[in-house]
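Engineer: In our numbering, the protein residues as written are 90 to 985. Think of the CB as a built atom: it goes at the ideal place given N, C-alpha and C, for glycine as much as any other residue. The structure that follows is given in the form of structure tokens.
So this is what it looks like as structure tokens:
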């Protein structure tokens, strides 16, 4: 019996050990429960199907594969997710921001990601550069979030208002309950919510709070689990993490600049400048995107052919800024956003019989993969297509007679060539799309939202600077940014002209101006009385707004003259005037004269006929050129002088209260007008009939004057060349340069500005002078010390210099004031564009002695010859606008 009992006991013992081992094995293989926050998009959140989703979820799924441990996700509110781990109801928290306070409550793993934290500041508040400036404001934060701990550590007694979750925080921020709040600097799950937050709390109004590690957390005492987690995380390669970051965050995991591919030979859309820098309309749109979204970009020159697409597919680029390719799915690429549409052109030889109107018959060369083939296949079966992705090859085929015509985008047709005829083909528009690699959904979403949130003002400024006839048009979404918010009333604005005098309607071509403005804005400005429900836009003749009033641009500014009896000087100033000035009763100039020059003797007249009698009695009439010409008064005994310091009066659009928010957009739209006032009629001038012999003497005098003028022009030209050589010699030797910024100093600036005025006057070209002043530099200089202030000015000069052409001049004028001389500009839009770009250059903080410093500047702009015919007048005009901007708080520009 004993012999039987021993084997039985041994068998039972072995069975018990096997069951125990199996139980331990089952326990070891049971899924790890991971607590997931339901609303921390895009890191961890509840997806549309109710399951866990996000960057961290996919990271944990890859960890599960790498470590061989199964996982199960439990989605719950943020506070409950913390409690679940602390109380043992979950094994791991998917990820939380590291802080010293939480380190006492949890055990942490190695970092799983890094997240930037920002303080969002409402756009209506002053722009701030330091957290200490937020002390007067209530700051919103999520309860028990790391934001509270960081704000308390970096600020002295901050006033915080806490909310249970992100949705509650955003609701309060959008409702105006708080105008400052702390949060992750990423995009939101809901596009509508993202757009509202980005518009009210733009990226350039956010202050950096910290960039912190995101770590997984376990309950205290589970060190073995932490070791297991870290081992599995170490098996996930950097490439896999980068793919996850691009997929879910839309940016590189290392937070480096976004690499944007651009064509290097497609002016004025995309091309390289003299220094190799990317330039063009689409490049500037990307810069505005970067400014709005807060994501840094770096432009990489790439071809528009297969090479550029391959670079994107291989990961050498993050996005292609704008590409003509039509079908990209086969290459593993997706279209993220349409930026621009360009028209096409059909090229034929001058002796060709090829008909430019479809249906076509014959051999046709087309640019490959831009969408032509599909459209032509639908329209005609009688065309033999020859495809190439090189426009030069297609044009060569045309010249050699291998094809009868070539169809390609107009921007790629190059300069006109002898023997080649261009036929515009507006019906064949080609789209320029932003491209991303397939799978980069988050990057595509970030691109879309960034362009969707662009304000109208930079879009208009960029369009005004680069747009050329026949170039193309903005995509519908971007163009909608200019007109969409103006459409709630069906795209129709009633306009009241009741306060516009009849002479102004006629001589200033008001109806034509409104028609063109309607076309630019995408709305119809029609003359009608309006109603209580739809108050009209009133067009009124009145003085310019004061320095403390909202900045408005006039539809047209009036030019004023002094009409006198007998010969008058070409120009005259009221400050040097003697005698009585006649003004029309109840006119804008009457009120202006009484306010600005109360000491000038004034005679009020009721009509222009009465005014003429007063002029013959010794007075001078102050009247606008337009009104005098509209009156058609012909009197050879009168002459006129242009008043250099005349009234600032114009026709202004007075918007109803419901449209006041669009004044900035209206200002920029007005700058795009190309219409000109009619101004038909005589100007008073003493030109009595001359006797024949007097005409001979005048002719002889003219011939002599021309001869002398030729001599003077030659001597002046020779002197200018010598001066230019001397300036170049001085620059080579370092003479005349500012020792701090290495920029030209005041003496060199005076010489260059004087030469520029002479040259542009002789060539009848326009130029601009920009006077720049750093806001609040005195206080900043005292804070940094003189050495720090000098280092800051040197960095500022280098940054501003990089954005200008080699033909332009940036000089240090005085202290923290600089002057930019823009040579050979086409219109005021070019000056506006440069001013805006210079302000945008300041959005990136400077580093001085380990400190982060953000600057703003005020800029006054004057144009030659519009605002002055000599250097002093131009600088004075720019300085007047600079002071005006300073009085309004700075950080802006104004054109004289």
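Measure the beta-carbon distance from residue 500 to residue 431 and round it to whole angstroms, keeping in mind my assumption that it falls under 8 Å.
Structural biologist: For the purposes of this step, residue 500 is identified with residue 411 of the chain shown, where counting begins at 1. For the purposes of this step, residue 431 is identified with residue 342 of the chain shown, where counting begins at 1. Cβ atoms of residue 500 and residue 431 come within 8 Å of each other, at about 5 Å.
Engineer: Return helix, strand or coil for residue 449, following the three-state DSSP convention.
Structural biologist: By one-based count along the chain shown, residue 449 stands at place 360. If DSSP states are grouped into helix, strand and coil, residue 449 belongs with coil.
Engineer: Under the three-state reduction of DSSP, which class applies to residue 195: helix, strand or coil?
Structural biologist: As a first step, residue 195 must be located in the chain shown, where it is residue number 106. Coil at residue 195, not helix or strand.
Engineer: Taking only three categories from DSSP, how would you classify residue 266?
Structural biologist: Mapped onto the chain shown, residue 266 falls at position 177. In this structure, residue 266 counts as coil in the three-state DSSP scheme.
Engineer: Which full runs of the beta strand (DSSP E) of 3+ residues lie inside the segment 478 to 518, going along the chain?
Structural biologist: 494 to 498
Engineer: Would you give the residue range spanned by the alpha helix (DSSP H) that residue 535 belongs to?
Structural biologist: Working through the chain shown from its first residue, we reach residue 535 at position 446. In the DSSP assignment, residue 535 falls within the unbroken alpha helix (DSSP H) covering 530 to 541.
Engineer: Rounded to a whole number of angstroms, what is the C-alpha to C-alpha distance between residue 248 and residue 568?
Structural biologist: Taking the first residue of the chain shown as 1, we reach residue 248 at position 159. Taking the first residue of the chain shown as 1, we reach residue 568 at position 479. About 42 Å.
Engineer: Can you list, in chain order, the residues of its chain whose CB lies under 7 Å from that of residue 155, leaving out five sequence neighbours each side?
Structural biologist: Reading the chain shown from its first residue, position 66 is the one you call residue 155. So the qualifying residues of the chain are 321, 324, 325.
Engineer: What residue range is occupied by the uninterrupted beta strand (DSSP E) comprising residue 249?
Structural biologist: Here residue 249 refers to the residue found at position 160 when the chain shown is read from its first residue. It spans 248 to 252 - the beta strand (DSSP E) in which residue 249 sits, taken as one unbroken run.
Engineer: Could you tell me which residues DSSP puts in a beta bridge with residue 229?
Structural biologist: Indexing the chain shown from 1 puts residue 229 at position 140. Answer is 250, 270.
Engineer: May I have the straight-line CA-CA distance separating residue 369 from residue 302, to the nearest angstrom?
Structural biologist: Position 280 of the chain shown, counted from the first residue, corresponds to residue 369. Position 213 of the chain shown, counted from the first residue, corresponds to residue 302. Straight-line Cα distance between these residues: approximately 39 Å.
Engineer: Within 10 Å of its beta-carbon, does residue 529 have 16 or more other beta-carbons around it, so buried, or fewer, so exposed?
Structural biologist: The count along the chain shown starts at 1 and reaches residue 529 at position 440. Looking at its Cβ environment, which holds 16 or more other Cβ atoms inside 10 Å, residue 529 is buried.
Engineer: Please confirm if the segment 496 to 510 is in contact with the segment 377 to 392, defined as three or more CB-CB distances below 8 Å between the two stretches.
Structural biologist: no
Engineer: Do residue 295 and residue 207 have their beta-carbon atoms positioned less than 7 Å apart in this structure?
Structural biologist: Here residue 207 is taken as the residue at index 118 of the chain shown, counted from 1. Here residue 295 is taken as the residue at index 206 of the chain shown, counted from 1. In this structure, residue 295 lies closer than 7 Å to residue 207 by Cβ.
Engineer: List in chain order: all unbroken beta strand (DSSP E) runs of 3+ residues lying wholly within the segment 144 to 173.
Structural biologist: 160 to 165
Engineer: From residue 145 to residue 131, what distance separates their C-alpha atoms?
Structural biologist: As a first step, residue 145 must be located in the chain shown, where it is residue number 56. As a first step, residue 131 must be located in the chain shown, where it is residue number 42. The alpha-carbon atoms of residue 145 and residue 131 are separated by roughly 9 Å.
Engineer: Just to confirm before moving on: does the CB-CB distance between residue 694 and residue 700 stay below 7 Å?
Structural biologist: Taking the first residue of the chain shown as position 1, residue 694 is located at position 605. Taking the first residue of the chain shown as position 1, residue 700 is located at position 611. Cβ atoms of residue 694 and residue 700: closer than 7 Å.
Engineer: Identify every residue that forms a DSSP beta bridge with residue 359.
Structural biologist: In the chain shown, residue 359 corresponds to position 270, counting from 1. Answer is 355, bridged to residue 359.
Engineer: If you follow the beta strand (DSSP E) that residue 432 is in, where does it begin and where does it stop?
Structural biologist: Here residue 432 corresponds to residue number 343 of the chain shown, with the count starting at 1. Here the beta strand (DSSP E) through residue 432 covers 422 to 438.
Engineer: Identify whether residue 666 lies in helix, strand or coil by the three-state DSSP scheme.
Structural biologist: The count along the chain shown starts at 1 and reaches residue 666 at position 577. In the structure shown, residue 666 sits in coil (DSSP, three-state: anything other than H, G, I, E or B).
Engineer: Could you name the residues of the same chain whose beta carbon sits closer than 6 Å to that of residue 922, not counting the 5 residues immediately before and after it, in chain order?
Structural biologist: Walking along the chain shown from the start, residue 922 turns up at place 833. Same-chain partners within the cutoff: 550, 554.
Engineer: For the alpha helix (DSSP H) containing residue 912, list its first residue and its last residue.
Structural biologist: Locating residue 912 in the chain shown gives position 823, where the first residue counts as 1. Here residue 912 belongs to no alpha helix (DSSP H); instead the beta strand (DSSP E) covers 906 to 914.
Engineer: In whole angstroms, what separates the C-alpha of residue 510 from that of residue 455?
Structural biologist: The count along the chain shown starts at 1 and reaches residue 510 at position 421. The count along the chain shown starts at 1 and reaches residue 455 at position 366. One C-alpha to the other measures close to 16 Å.
Engineer: Name the DSSP bridge partner or partners of residue 863?
Structural biologist: Within the chain shown, residue 863 is the residue found at index 774, counting from 1. Paired residues: 946.
Engineer: When the distance is taken between beta carbons, is residue 951 closer than 7 Å to residue 957?
Structural biologist: For this step, residue 957 is matched to residue 868 along the chain shown. For this step, residue 951 is matched to residue 862 along the chain shown. Yes.
Engineer: Could you check the C-alpha separation between residue 477 and residue 398 for me, to the nearest Å?
Structural biologist: Stepping through the chain shown from its first residue, residue 477 is reached at position 388. Stepping through the chain shown from its first residue, residue 398 is reached at position 309. Straight through space, the alpha carbons of residue 398 and residue 477 are spaced by roughly 16 Å.
Engineer: Could you tell me the distance, in whole angstroms, from the CA atom of residue 602 to the CA atom of residue 644?
Structural biologist: Within the chain shown, the letter at position 513 stands for residue 602. Within the chain shown, the letter at position 555 stands for residue 644. In a straight line, the C-alpha of residue 602 is about 8 Å away from that of residue 644.
Engineer: Between the alpha carbons of residue 402 and residue 356, how many angstroms are there, rounded?
Structural biologist: Against the chain shown, residue 402 aligns to sequence position 313. Against the chain shown, residue 356 aligns to sequence position 267. Cα-Cα distance, rounded: 25 Å.
Engineer: Pick helix, strand or coil for residue 415, following the three-state DSSP scheme.
Structural biologist: Position 326 of the chain shown holds residue 415. Coil.
Engineer: Would you mind giving the Cβ-Cβ distance between residue 408 and residue 347, rounded to the nearest angstrom? I have them listed as a contact below 8 Å.
Structural biologist: Counting from 1 along the chain shown, the entry for residue 408 is found at position 319. Counting from 1 along the chain shown, the entry for residue 347 is found at position 258. Yes, they are in contact, since the Cβ atoms of residue 408 and residue 347 sit about 7 Å apart, within 8 Å.
Engineer: Excluding the 5 residues preceding and the 5 following residue 933 in the sequence, name in chain order all residues of the same chain whose CB lies nearer than 7 Å to its CB.
Structural biologist: To locate residue 933, count along the chain shown from 1; it is residue 844. Nothing meets the Cβ criterion.
Engineer: Would the segment 167 to 181 and the segment 209 to 216 be scored as touching if the rule is three or more Cβ pairs under 8 Å?
Structural biologist: no
Engineer: With DSSP collapsed to three states, give me the class of residue 240.
Structural biologist: To locate residue 240, count along the chain shown from 1; it is residue 151. In this structure, residue 240 counts as helix in the three-state DSSP scheme.
Engineer: So is residue 936 buried or exposed if we call it buried at 16+ other beta carbons inside 10 Å?
Structural biologist: Position 847 of the chain shown, counted from the first residue, corresponds to residue 936. Exposed.
Engineer: Which residues does DSSP list as the beta-bridge partners of residue 235?
Structural biologist: The residue given as residue 235 occupies position 146 in the chain shown. In DSSP, residue 235 forms no bridge with anything.
Engineer: Whole angstroms are fine: how far does the CA of residue 291 sit from the CA of residue 152?
Structural biologist: In the chain shown, the residue the question calls residue 152 occupies position 63. In the chain shown, the residue the question calls residue 291 occupies position 202. Those two C-alpha atoms are separated by around 36 Å.
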